[in-house]
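Participant: If you scroll down you'll find the structure; I have some questions about it.
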Amino acid sequence: MTTENILISGASVAGPALAYWLAGYGFTPTIVEQAPALRDGGYAVDFRGEVHLGLLRRMGILGPIVRAKTDMGATTYVNAAGKKLASMPADLFAGDVEVLRGDLAQILYKASAPRAEYIFGDSIASMTETRDGVDVTFEHGPPRRFDLVIGADGFHSNVRSIAFGREEKFASHLGLYCAIFTLDNFLALDHASLAYNTPGKLVILNSARANTEAKVVFYFASPLIDHDRHDAEAQKTILAERFAGIGWETDRILDAMGDAPDFYFDSVGQINMDAWSRGRVALIGDAACCPSPVSGMGTGLAVVAAYVLAGELAAAGGDHRVAFPRYEEALRPYARRCQKQGEGAARFMAPESRFMSWLMNQNYRLMPYLPGKGLIAKSARKTAEGIELREYPPCSEVVTSP
Ligand SMILES: Cc1cc2nc3c(=O)[nH]c(=O)nc-3n(C[C@H](O)[C@H](O)[C@H](O)COP(=O)(O)OP(=O)(O)OC[C@H]3O[C@@H](n4cnc5c(N)ncnc54)[C@H](O)[C@@H]3O)c2cc1C
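Per our numbering, residue 443 is the first one in the sequence shown, and the count goes up by one each step.
Shown next, in the form of structure tokens:
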């Protein structure tokens, strides 16, 4: 085999899933994660259709994922006074299994850790490709040489910046921002969500972790804002300025923002690249082809991509010059369809015109009674199942404890 040691940057979804398959094929994966430990909790992500579920089953993690599922029920749309306008059953939008991203990352970590080296609290500082490998320096640890480097480090990928150039070359903004944090379940929601929208703004509050806490998700329409991505206080100010006084429980929710144990704020966008690899470096997951958070497809796409990239490397006997183009050829049409789903969804998340916002509320009110109500879920499932996965050489199983 021409390839043995593979460095993966990022331990969320794509990175650990890739490490799982690579180790099964006899490669030696090392994962470097910038955070000091696996990031906990977070927002809910979902899997849908047999392509996703089949891979999770083959990885032996479908059981643990189902046991960790959020079990969310209906989403109720309310007006500024909290009066219920419409109720949407969970199966109208949700996938087959919904789980918190942090819980999923824990499960993937557990499945891959027995046969992968994990380094937390570090990040790649530089990569120099030579004829035989990639010389990597780290922010903290000693320099090392790897045969290949894979960037699984998300929308703001560090590996992409180093190997391919500035993020702005590849990122497209979908006209939305998203913020999320955890707070007390002060409305005693029971496996349920409340949603409130005004023109250009959407607030969704849902119970989480068996109703012991709540999570709030804000979406607002905006062109790109010039702000420091690492300055959470400045981001909280932006959010408060946009949402204060809009009605319903929004001010109370904003008051809880200061105590939030977690706070996420980012633009909603996609990554589009002409090529996902350069020499011995390749990208996977959101780093390569982020379909956006609103697509509902990013997690499944990352798991599918991990299977394909590892399988192509195994099939090519570790020759990245053969495997990387085949990986891209197999996955690109699927990734594009996932992105299209994201573009469509972004248009309806927080429409800015009063009329569109009103129309959305009417739509939610009527949707449960419309004959075509299953079409949204059906179309998402069709997208999720829109790839025929190749069989790769046999992969030895990693037995994980239940
Ligand atoms: C608000 C929100 C809601 C979403 N909802 C859904 C949904 O309902 N359904 C769905 O399928 N998807 C959803 N997604 C998308 C989904 O979370 C992503 O598509 C998926 O997590 C992609 O996985 P990834 O491993 O490629 O990247 P990420 O999950 O972004 O992980 C990247 C990892 O790299 C690490 N990292 C970053 N920089 C460095 C560095 N310099 N060095 C080392 N490590 C680094 C990060 O800490 C992180 O652990 C949502 C996303 C968001 C933000």
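For every residue, glycine included, the Cβ atom is placed at its ideal position computed from N, Cα and C.
(1) Quick one: is A547 buried, meaning 16 or more other Cβ sit within 10 Å of its Cβ, or exposed?
(2) Please list, in chain order, all residues of the same chain as G593 whose beta carbon is under 6 Å from its beta carbon, the five residues on each side excluded.
(3) The beta strand (DSSP E) with I622 in it runs from where to where?
(4) Between A392 and L636, what straight-line distance do the alpha-carbon atoms span, to the nearest angstrom?
(5) Determine the closest residue to M530 out of G828, Q804 and G575, with distance taken between C-alpha atoms.
(6) Among I680, I473 and G466, which one has its Cα closest to the Cα of R586?
(7) Just verifying my parser: in three-state terms, what is the DSSP assignment at G711?
(8) When you compare only the Cα positions, how much space is there between A486 and F766?
(9) Threshold first: 4 residues or longer. Then list the alpha helix (DSSP H) segments lying entirely within the stretch 523–571, N to C.
(10) Apart from the five residues just before and just after R807, which ones in its own chain have a Cβ nearer than 8 Å to its Cβ?
(11) Taking only beta-carbon positions, decide if Y776 is within less than 8 Å of chain C.
(12) Measure the CB-CB distance between M791 and L644 and report whether it falls below 8 Å.
(13) Quick one: grab the DSSP three-state call for T825.
(14) Comparing the CB of I566 with every heavy atom of ligand 1, is any distance shorter than 7 Å?
(15) Please report the distance separating the alpha-carbon of Q781 from that of D761.
(16) Suppose the cutoff is 6 Å on Cβ atoms and the five residues either side in sequence are ignored; what does the same chain contact list for A453 look like?
(17) From the DSSP output, read off the bridge partner residues of R587.
(18) For M501 and A553, which I take to be in contact (beta-carbon distance under 8 Å), what is that distance rounded to the nearest angstrom?
(19) Does the structure place the stretch 734–753 close enough to the stretch 810–829 that three or more beta carbon pairs sit under 8 Å?
(20) Helix, strand or coil: how does DSSP classify T842 here?
(21) In terms of alpha-carbon separation, which member of A650, F705, T512 and A663 lies closest to D673?
(22) Exposed or buried, what is V508 when buried is set at 16 or more other beta-carbons lying within 10 Å of its beta-carbon?
(23) Classify T624 as buried or exposed, calling it buried when 16 or more other Cβ atoms lie within 10 Å of its own Cβ.
(24) Since S737 and A787 are thought to touch, with beta carbons under 8 Å apart, how far apart are those beta carbons, to the nearest angstrom?
(25) Could you tell me which of P641, C732 and E655 sits nearest to L542, measuring between CA atoms?
(26) Report the residue from P835, I713, A630 and W463 whose alpha carbon sits nearest the alpha carbon of R557.
(27) Where do the ends of the beta strand (DSSP E) carrying I448 lie?
Facilitator: On the basis of the data shown:
(1) Answer is buried; the Cβ neighbour count reaches 16.
(2) Cβ-Cβ distances below 6 Å link G593 to S451, S599, V601, R602, L725 and A729 in the same chain, with the five nearest sequence neighbours on each side left out; the list follows chain order.
(3) Per DSSP, the unbroken beta strand (DSSP E) holding I622 starts and ends at A613 to L625.
(4) Absent from the model: residue 392. The displayed extent of the chain is 443 to 844, so no value can be given.
(5) The shortest C-alpha separation from M530 is found at Q804.
(6) It is I473.
(7) G711 falls in the strand class under three-state DSSP.
(8) Taking the straight line joining both Cα atoms gives about 31 Å.
(9) Here the runs fully enclosed are 543–554.
(10) Excluding residues within five positions, the ones whose Cβ falls inside 8 Å are Y519, L527 and A528.
(11) No chain C appears in the structure shown, which is made up of a single protein chain.
(12) In this structure, L644 lies closer than 8 Å to M791 by Cβ.
(13) Helix, per DSSP.
(14) Checking every heavy atom of ligand 1 against the Cβ of I566, one is found closer than 7 Å.
(15) When rounded, the distance between both Cα atoms is 29 Å.
(16) So the list reads I473 and E475, once near-sequence residues are dropped.
(17) According to DSSP, which records beta bridges pairwise, R587 is partnered with D577.
(18) By a beta-carbon distance limit of 8 Å, M501 contacts A553. Their separation comes to about 6 Å.
(19) Flag = yes, the stretch 810–829 and the stretch 734–753 touch.
(20) With a pLDDT of only 46 at T842, under 50, the local geometry of the prediction cannot be trusted, and the value read off the model is given with reservation. Residue state for T842 is assigned as coil, using DSSP reduced to three classes.
(21) Comparing Cα-Cα distances from D673 to each of A650, F705, T512 and A663, the minimum goes to F705.
(22) Exposed is the label assigned to V508, since fewer than 16 other Cβ atoms lie within 10 Å of its Cβ.
(23) It counts as buried.
(24) Correct: roughly 6 Å between the Cβ atoms.
(25) Taking the Cα of L542 as reference, the smallest distance to any Cα among P641, C732 and E655 is reached at E655.
(26) The shortest Cα separation from R557 among P835, I713, A630 and W463 belongs to W463.
(27) Here the beta strand (DSSP E) through I448 covers N447 to S451.
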